[in-house]
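Undergrad: In the UniProt record's numbering, the protein residues as written are 1 to 448.
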Ligand code: NAD
């Protein structure tokens, strides 16, 4: 639904009121359009010493045709309006090196273009070679999260931790964080480990892959189906029989196959596996998007309401994942994505059932990531914040307005923002990306 306040702030009267009264000023966020470059402006790159990660970052910037300059201390020049600032902090071995953050960013951050990108790359703290290095690397989180709150006009700040010897895995993640595909991902930390090197066409990274999307008939699920198909995947859309018509519309638009079933039914996993194997020879990507809310305070929570939410949001993904993995219907090298929620991180009044289920999705990721790595299957989750869908349109006006503004970007996200994050996880070139929970929340203040 339209954000009327945001539309008003773009009018001459709105602009004046925003300026004079210091009201929120949510810049409309550009989204990625097919055929456009990863980044459409100059990049300033800085580093602490010469590192393998730094070399990989510069190779990528060349590869995507970005005009970039290097500077260990940012240059304050009104002539340069960088679209992105990328800083390689993997070379920080002690807290003394943290001064470089201030030296590089302080002069140049003011020049960042609207909807600009800041990406800091660090070394995974727990894999540091000394306590001093671990302390310095962990400190980067506080820096990026605070800078995320300081930069305005639709800019985002994210941190990518890369494991030792995993610098060659940086490409797909940097492409995501530098591009408008990550428009609503802000203040996040992504972790990259080692994995097989996969080189594919970044414009069709999912070509030849089959993806299952549950709850694909509408909202976020329909956006996920569209986006995975755009990236080359053949999509199997699942939804309940009552939503046959909207599901058919989605599938006929993208040319996949549909499967009408309730994910909580006893034979759901078997039917999905049989459909995938018979119609497509197997599966490469599974997105557990189907979800429901049945909000009540715990004192008024009936057992059937509690169970319904836990069944759809958590038990079904757990059961379906187990069956698809155990039977091999999900091929080695595949990717599983759970859809959690900010409520699963922060908790929410009236949502004990929903938050339990969504925190459980994070548990699913953490429990399975190490085991599935043996078969090079990756599992990650997105945790959306306030996303403009039919679900959030039903929230009463005042609560909806608060939900929309209580984040660094001062607006709600769109289903496409969740879908783009899932497409990054699903990309075979993200072979080193597993065990992550990334919030798509505009750096919401809740649960931060
Ligand atoms: P939605 O209600 O618009 O769509 C959910 C889809 O899932 C529907 O098509 C529905 O028919 C399907 N579904 C529900 N139960 C099912 C079942 N048992 N079997 C098969 N299909 C089933 O919701 P949405 O806003 O698009 O949310 C999608 C996901 O994102 C959910 O998991 C939700 O919890 C999560 N989420 C949404 C938001 C938000 O702001 N909209 C925020 C955080 C998390």
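Backbone N, C-alpha and C define an ideal beta-carbon position, used for all residues, glycine too. Since the model is a prediction, treat every value here as computed from it, not as a measurement.
Determine the closest residue to residue 201 out of 440, 442, 430, with distance taken between C-alpha atoms.
TA: Of 440, 442, 430, the residue nearest in Cα terms is 430.
Undergrad: Is the CB-CB distance between residue 166 and residue 194 below 8 Å?
TA: Yes; because the gap between Cβ atoms is below 8 Å, this pair is in contact.
Undergrad: Are the CB atoms of residue 140 and residue 154 nearer to each other than 8 Å?
TA: In this structure, residue 154 does not lie closer than 8 Å to residue 140 by Cβ.
Undergrad: Cutting at 8 Å between CB atoms, please list the residues of its own chain near residue 190, excluding the five before and the five after it.
TA: 158, 159, 160, 161, 173, 177, 433, 436, 438, listed in sequence order.
Undergrad: Please go through the same chain and pick out, in chain order, the residues whose beta-carbon is closer than 6 Å to the beta-carbon of residue 229, but skip the five residues on each side of it.
TA: Correct list, in chain order: 235, 254.
Undergrad: Taking only the alpha-carbon atoms, compute the straight-line gap between residue 67 and residue 304 and give it to the nearest angstrom.
TA: When rounded, the distance between both Cα atoms is 58 Å.
Undergrad: Pull up the DSSP beta-bridge partners for residue 449, would you.
TA: An answer regarding residue 449 cannot be provided, because it is not within the stretch 1 to 448 covered by the chain.
Undergrad: Could you give the residue range of the alpha helix (DSSP H) that holds residue 141?
TA: Residues 131-150.
Undergrad: With distance defined between alpha-carbon atoms, name the residue in 290, 420, 5 nearest to residue 226.
TA: Comparing Cα-Cα distances from residue 226 to each of 290, 420, 5, the minimum goes to 420.
Undergrad: Relative to the alpha-carbon of residue 391, which residue among 219, 426, 180 has its alpha-carbon at the smallest distance?
TA: It is 219.
Undergrad: Quick test of your reading: residue 29 and residue 223, contact by CB under 8 Å. State the CB separation rounded to the nearest angstrom.
TA: Not a contact, Cβ separation roughly 15 Å.
Undergrad: Say yes only if the C-beta of residue 243 is nearer than 7 Å to one or more non-hydrogen atoms of the ligand NAD, and no if none qualify.
TA: Flag set: Cβ of residue 243 near the ligand NAD.
Undergrad: Kindly indicate which three-state DSSP category residue 354 falls into: helix, strand or coil?
TA: Of the three classes helix, strand and coil, the one that applies to residue 354 here is helix, per DSSP.
Undergrad: According to DSSP, simplified to helix, strand and coil, what is residue 224?
TA: Reduced to three states, the DSSP call for residue 224 is helix.
Undergrad: Reducing DSSP to helix, strand and coil, say where residue 430 ends up.
TA: Reduced to three states, the DSSP call for residue 430 is helix.
Undergrad: Any idea if residue 2 is buried or exposed, counting beta-carbon neighbours within 10 angstroms, 16 or more meaning buried?
TA: Answer is exposed; the Cβ neighbour count stays below 16.
Undergrad: Given that a residue counts as buried once 16 or more other Cβ atoms are within 10 Å of its Cβ, and exposed if not, what is residue 298?
TA: Per the 10 Å Cβ criterion, exposed.
Undergrad: Are there three or more Cβ pairs, one per stretch, closer than 8 Å when the stretch 324-340 is compared with the stretch 264-281?
TA: Flag = yes, the stretch 324-340 and the stretch 264-281 touch.
Undergrad: Any idea what DSSP makes of residue 158, helix, strand or coil?
TA: Of the three classes helix, strand and coil, the one that applies to residue 158 here is strand, per DSSP.
Undergrad: Using a threshold of 8 Å, state whether the C-beta atoms of residue 26 and residue 411 are closer than that.
TA: For residue 26 and residue 411, yes; Cβs fall inside 8 Å.
Undergrad: Relative to the ligand NAD, is the shortest distance from any of its heavy atoms to the C-beta of residue 345 smaller than 7 Å?
TA: Result no, Cβ not under 7 Å from the ligand NAD.
Undergrad: Given that a residue counts as buried once 16 or more other Cβ atoms are within 10 Å of its Cβ, and exposed if not, what is residue 302?
TA: Label assigned to residue 302: exposed.
Undergrad: Report the three-state DSSP secondary structure of residue 164 (helix, strand or coil).
TA: Coil.
Undergrad: Mind listing, in chain order, the continuous beta strand (DSSP E) runs of no fewer than 3 residues lying wholly within the stretch 59-106?
TA: Qualifying beta strand (DSSP E) stretches, in chain order: 68-70, 84-88.
Undergrad: Roughly how many whole angstroms lie between the Cα atoms of residue 96 and residue 113?
TA: Whole-angstrom Cα-Cα distance: 30 Å.
Undergrad: Have a look at residue 362 and residue 7 and give me their C-alpha separation to the nearest angstrom.
TA: Computed Cα separation, rounded: 36 Å.
Undergrad: Going by DSSP in three states, residue 307 sits in which element: helix, strand or coil?
TA: If DSSP states are grouped into helix, strand and coil, residue 307 belongs with the helices.
Undergrad: Under DSSP, the alpha helix (DSSP H) around residue 122 begins and ends at which residues?
TA: It is not in any alpha helix (DSSP H) - residue 122 instead sits in the beta strand (DSSP E) that spans 117-123.
Undergrad: Could you say if the stretch 78-90 and the stretch 37-56 meet the contact criterion of at least three C-beta pairs nearer than 8 Å?
TA: Touching, per the Cβ criterion.
Undergrad: With a CB to CB cut of under 6 Å and the five nearest residues on each side skipped, what residues in its chain are close to residue 52?
TA: So the qualifying residues of the chain are 167.
Undergrad: Go ahead and pull the three-state DSSP assignment for residue 481.
TA: This structure cannot settle anything about residue 481, because the visible part of the chain is limited to 1 through 448.
Undergrad: Comparing alpha-carbon positions, which option in 446, 423, 418, 405 lies nearest residue 23?
TA: Ranking the options by Cα distance to residue 23, first place goes to 405.
Undergrad: Would residue 203 be called buried (16 or more neighbouring beta carbons within 10 Å of its own) or exposed?
TA: By the neighbour-count rule (16 or more Cβ atoms within 10 Å), residue 203 is not buried but exposed.
Undergrad: What whole-angstrom Cβ distance do residue 310 and residue 357 have, given they're in contact under 8 Å?
TA: Between residue 357 and residue 310 the Cβ distance is about 5 Å, and since that is below 8 Å, they are a contact.
Undergrad: Would the C-beta of residue 287 count as close to the ligand NAD, meaning under 7 Å from any of its heavy atoms?
TA: No, the beta carbon of residue 287 sits no closer than 7 Å to any heavy atom of the ligand NAD.
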